[in-house]
Amino acid sequence: MNERFAQYRDKLAQYWNRFSVRQKILFFSTLLIIIIIIVAATMQLTKTEYEVAFQDLDSTDAAGVINYLESAGISYRLSPDGKSISVPSADAARAKVDIGSQGIVQDGSIGYKIFDQSSSMIGTTDNEFNVKYNNALNGEVEQLLRRMQGIKDAKVLVNLPKETVFATQDDQEKASASVVLSFKPGFRPTQDNIDGYFNLVKTAVPNLPIDNITITNNETELLPTAKGGQAGVSSQVEENFLLQKKFEEDVKKDVKAFLSKLTGPDKVDVLVFSKLNFDKETRKENRVEPVDPENMQGIVISSQIISNTYSGQGSTDGGVAGTGAGDVQGYPSSANSGNTSSEESSETKNFEVNRITRDIIASPYTVKDLTINVAVEPPDGQPTLDPATSAAIRLILVNIVRASLADSGITYTDADLSKKVSVYSQSFGAQAAAQASSGFANWMIWAIAAAALLVGAGAGYIIYRRRRNNTEEEEEEIPLQVPTEFPSINLDSVTNESQVRKQLESLAKKKPEEFVNLLRTWLADEQR
Numbered sequence: 001m002n003e004r005f006a007q008y009r010d011k012l013a014q015y016w017n018r019f020s021v022r023q024k025i026l027f028f029s030t031l032l033i034i035i036i037i038i039v040a041a042t043m044q045l046t047k048t049e050y051e052v053a054f055q056d057l058d059s060t061d062a063a064g065v066i067n068y069l070e071s072a073g074i075s076y077r078l079s080p081d082g083k084s085i086s087v088p089s090a091d092a093a094r095a096k097v098d099i100g101s102q103g104i105v106q107d108g109s110i111g112y113k114i115f116d117q118s119s120s121m122i123g124t125t126d127n128e129f130n131v132k133y134n135n136a137l138n139g140e141v142e143q144l145l146r147r148m149q150g151i152k153d154a155k156v157l158v159n160l161p162k163e164t165v166f167a168t169q170d171d172q173e174k175a176s177a178s179v180v181l182s183f184k185p186g187f188r189p190t191q192d193n194i195d196g197y198f199n200l201v202k203t204a205v206p207n208l209p210i211d212n213i214t215i216t217n218n219e220t221e222l223l224p225t226a227k228g229g230q231a232g233v234s235s236q237v238e239e240n241f242l243l244q245k246k247f248e249e250d251v252k253k254d255v256k257a258f259l260s261k262l263t264g265p266d267k268v269d270v271l272v273f274s275k276l277n278f279d280k281e282t283r284k285e286n287r288v289e290p291v292d293p294e295n296m297q298g299i300v301i302s303s304q305i306i307s308n309t310y311s312g313q314g315s316t317d318g319g320v321a322g323t324g325a326g327d328v329q330g331y332p333s334s335a336n337s338g339n340t341s342s343e344e345s346s347e348t349k350n351f352e353v354n355r356i357t358r359d360i361i362a363s364p365y366t367v368k369d370l371t372i373n374v375a376v377e378p379p380d381g382q383p384t385l386d387p388a389t390s391a392a393i394r395l396i397l398v399n400i401v402r403a404s405l406a407d408s409g410i411t412y413t414d415a416d417l418s419k420k421v422s423v424y425s426q427s428f429g430a431q432a433a434a435q436a437s438s439g440f441a442n443w444m445i446w447a448i449a450a451a452a453l454l455v456g457a458g459a460g461y462i463i464y465r466r467r468r469n470n471t472e473e474e475e476e477e478i479p480l481q482v483p484t485e486f487p488s489i490n491l492d493s494v495t496n497e498s499q500v501r502k503q504l505e506s507l508a509k510k511k512p513e514e515f516v517n518l519l520r521t522w523l524a525d526e527q528r
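Right, here's the structure in full:
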């Protein structure tokens with residue numbers, strides 16, 4: 001057994017000694033690299049990957065999450081600042097669902113769930129209940145604000161007034177709210193976002209007007225549009241500016257497209273200036289109109305006629321008061337003068353008229369002023385436009401301005417409208433440039449062609465010379481073929497045939513080409 005082991009060891013040593021030092025180094029280097037790759041792959045495959053499941057936690061929420069993960073047997077990693085918790089990727093989804101369903105993460109807010117968690121069998125006092133309700137209301141508003149776009153954190157303090165039965169609903173004190181917001185990095189709220197924050201707080205808290213809400217961030221106080229928010233004013237001004245520019249571009253495009261049909265394309269340039277009225281008017285009209293405008297009467301809905309007739313003897317009291325004998329001063333005297341009769345009639349009619357109530361919202365986009373300036377290139381061969389064409393263009397522009405200013409509320413005469421348009425002839429330079437280029441076209445073309453031909457010929461000659469020089473240098477640098485030196489074997493110094501055979505076999509294996517050349521040399525020597 002030992003002899004066989006020694007034989008295997010000798011064969012292995014002989015096989016190993018056949019390699020050169022460079023091959024041995026390459027072998028060990030390859031083996032080391034393979035081992036390192038196997039170890040790294042094993043560590044990578046067996047390593048537990050963690051992902052951030054909860055971030056931006058306060059101390060209370062972080063403690064609740066850690067307690068749940070420890071009770072559930074889920075490993076975790078806490079960030080150095082204590083605000084982020086990472087869990088294995090395989091358990092991340094389940095941990096998020098479980099913790100979210102149990103309401104462990106409250107972002108520092110209590111919410112209405114406190115009444116489910118801390119209910120007492122004995123009961124609570126009014127003061128204790130009011131404190132819990134106020135804290136829960138603050139927490140619910142904070143959670144709603146954190147769900148808004150761009151808000152990172154929110155702190156809300158709501159002040160609810162005490163209700164009293166001795167005051168009416170209008171006389172009750174109003175609630176107030178103070179809100180501090182922290183926005184995500186890079187987020188800048190627009191006026192629409194700010195109005196959304198105010199409306200959310202207003203609708204979440206009962207009996208809370210917008211004037212009693214104060215919202216601030218780390219930089220400044222936020223104002224709603226109703227209180228003159230600058231973001232709303234700036235956005236409105238920008239919108240109005242864009243509308244004015246769009247109106248001017250539309251007028252310019254229409255005028256240019258129409259006049260191009262008369263003068264030809266690319267021969268008209270238009271400049272438009274306008275002033276728009278962006279005042280929005282809202283009014284309410286309560287009007288009463290008769291049904292019959294000609295007679296100024298309405299529809300008779302009820303009619304009443306009363307007629308009284310009286311007849312008898314004697315006369316009614318008459319005369320001057322206190323003038324008769326035995327009369328009482330201040331009372332009329334009485335005298336009988338035979339049969340008397342009286343008749344009284346009255347008629348009452350109720351008419352119904354048309355009662356019209358209108359809520360009118362005037363359009364805020366009214367053209368108050370418009371000026372159109374047109375430059376027209378005269379036809380070929382004419383220095384200026386002819387009067388007929390200029391008058392026709394001016395008439396078209398006046399009609400456009402008249403139609404645009406119809407709702408401005410100002411009556412313009414034809415003279416006033418003529419002052420708002422101008423037409424003048426102007427050469428745009430295309431014709432002059434064409435004439436100038438046509439005057440120098442012949443000699444410029446020939447000069448450019450000749451220069452291009454000379455440059456091409458020079459470049460071709462240089463390339464030809466470079467290639468020729470390179471070819472000559474390569475021919476000079478070709479080394480002469482060195483005669484092949486064939487290996488020789490000294491047969492005189494070798495006495496053992498086995499050694500000769502081994503040397504020939506070794507030469508045939510290691511250097512077959514030299515072995516073939518050696519045989520050819522021997523054959524040539526024998527033939528000589």
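Last residue of the sequence shown: number 528 in full-length UniProt numbering, and the count goes up by one each step with no gaps.
Beta carbons: idealized from backbone N, C-alpha and C, even for Gly.
Asked: So, helix, strand or coil for Trp522, using DSSP?; Found: helix
Asked: Closer than 8 Å by C-beta to Trp522: which residues in its own chain qualify, once you throw out the five before and the five after it? Chain order, please.; Found: none
Asked: How about Lys96 and Ala53: are their beta carbons less than 8 Å apart?; Found: yes
Asked: Note down, in chain order, each residue of its chain lying with its Cβ closer than 8 Å to the Cβ of Ser303, except the 5 sequence neighbours on either side.; Found: Glu347, Thr348, Lys349 and Asn350
Asked: Can you check which of these residues, Ser176, Asp192 and Ile151, is closest to Pro185 by C-alpha distance?; Found: Ile151
Asked: Straight-line CA distance for Ala375 to Val367?; Found: 23 Å
Asked: Mind checking whether Asn138 and Val156 have CB atoms under 8 Å apart?; Found: yes
Asked: Roughly how many angstroms separate the alpha carbons of Tyr424 and Lys252, rounded to a whole number?; Found: 16 Å
Asked: Does the Cβ of Ile213 have 16 or more other Cβ atoms within 10 Å, making it buried, or fewer, making it exposed?; Found: buried
Asked: In terms of residue numbering, what span does the alpha helix (DSSP H) encompassing residue 557 cover?; Found: Here the chain has residues from 1 to 528 only, and residue 557 is not among them.
Asked: Label Gln191 either buried or exposed according to how many other C-beta atoms from any shown protein chain fall within 10 Å of its C-beta, with 16 as the threshold for buried.; Found: buried
Asked: According to DSSP, what are the bridge partners of Asn350?; Found: Ser302
Asked: Looking at C-alpha atoms only, which residue of Leu397, Ile463, Leu417 and Ala452 is the closest neighbour of Val270?; Found: Leu397
Asked: Is the Cβ of Asp359 closer than 8 Å to any Cβ of chain B?; Found: The structure shown has no chain B; it contains just one protein chain.
Asked: Determine the extent of the alpha helix (DSSP H) in which Tyr197 is found, giving its start and end residues.; Found: Gln191 to Ala204
Asked: On the premise that Ala72 lies in contact with Val141, defined as a C-beta separation below 8 Å, what is that separation, rounded to the nearest angstrom?; Found: That belief does not hold up - the Cβ atoms of Val141 and Ala72 are roughly 32 Å apart, past 8 Å.
Asked: Lys83 to Glu51, Cα distance in whole Å?; Found: 14 Å
Asked: What's the C-alpha gap between Val494 and Tyr8?; Found: Low confidence applies to Val494: its pLDDT is 48, below 50, so where it sits in the model is not reliable, and the reading given next is rough at best. Between Val494 and Tyr8, the C-alpha separation is close to 31 Å.
Asked: Rounded to the nearest angstrom, what separates Thr484 and Asn517 at their Cα positions?; Found: Caution is warranted here: a pLDDT of 46 is assigned to Thr484, below 50, making its placement in the model unreliable, and the coordinate value is therefore given only provisionally. About 9 Å.
Asked: Can you give me the Cβ contacts of Gly439 inside the same chain, cut-off strictly under 8 Å, excluding the 5 residues immediately before and after it?; Found: A caution first: Gly439 carries a pLDDT of 47, below 50, which makes its placement in the model unreliable, though a value can still be read off. Here the set comprises nothing.
Asked: Cβ atoms of Ile210 and Leu181: under 8 Å apart, would you say?; Found: no
Asked: Leaving out the 5 sequence neighbours to the left and right, which residues in its chain are closer than 7 Å to Glu289 when beta-carbon positions are compared?; Found: Val353, Asn354 and Ile356
Asked: Just tell me which of Ser342, Gln55, Phe273 and Asp359 has its CA closest to the CA of Tyr310.; Found: Ser342
Asked: With a threshold of 6 Å on Cβ separation, who are the neighbours of Ser260 within its own chain once the five nearest residues in sequence on each side are excluded?; Found: Val268
Asked: Under 8 Å, do Gly256 and Asp359 count as touching if we go by C-beta distance?; Found: Position check: residue 256 holds Lys in this sequence, whereas Gly was assumed. No, the pair does not count as a contact, with Cβ atoms beyond the cut-off.
Asked: Can you tell me which of the three DSSP states Asn159 falls into?; Found: strand
Asked: Skipping 5 residues on each side, what residues in its chain have a beta carbon closer than 8 Å to that of Lys202?; Found: Leu208, Pro209, Ile210 and Ile213
Asked: Would you report the Cα separation of Asn193 and Thr389, rounded to the nearest angstrom?; Found: 55 Å
Asked: Take the Cβ of Ile99 as the centre, count every other Cβ of all protein chains shown within 10 Å, and call the residue buried at 16 or more, exposed below.; Found: buried
Asked: Would you kindly work out how many angstroms separate the C-alpha atoms of Phe129 and Tyr68, rounded to a whole number?; Found: 29 Å
Asked: Can you say whether Val39 is buried or exposed, counting buried as having 16 or more other CB atoms within 10 angstroms of its CB?; Found: exposed
Asked: Between which two residues does the alpha helix (DSSP H) containing Glu140 stretch?; Found: Asp126 to Arg146
Asked: For Ala92, which residues from the same chain have a beta carbon less than 8 Å from its beta carbon, with the 5 sequence-adjacent residues on both sides left out?; Found: Glu51 and Ala53
Asked: Along the chain, where does the alpha helix (DSSP H) that runs through Lys24 open and close?; Found: Val21 to Thr46
Asked: Taking the alpha carbon of residue 539 as the reference point, which residue from Ala452, Lys162 and Lys11 has its own alpha carbon closest?; Found: Absent from the model: residue 539. The displayed extent of the chain is 1 to 528, so no value can be given.
Asked: Which of the three DSSP states is assigned to Arg94 in this structure?; Found: helix
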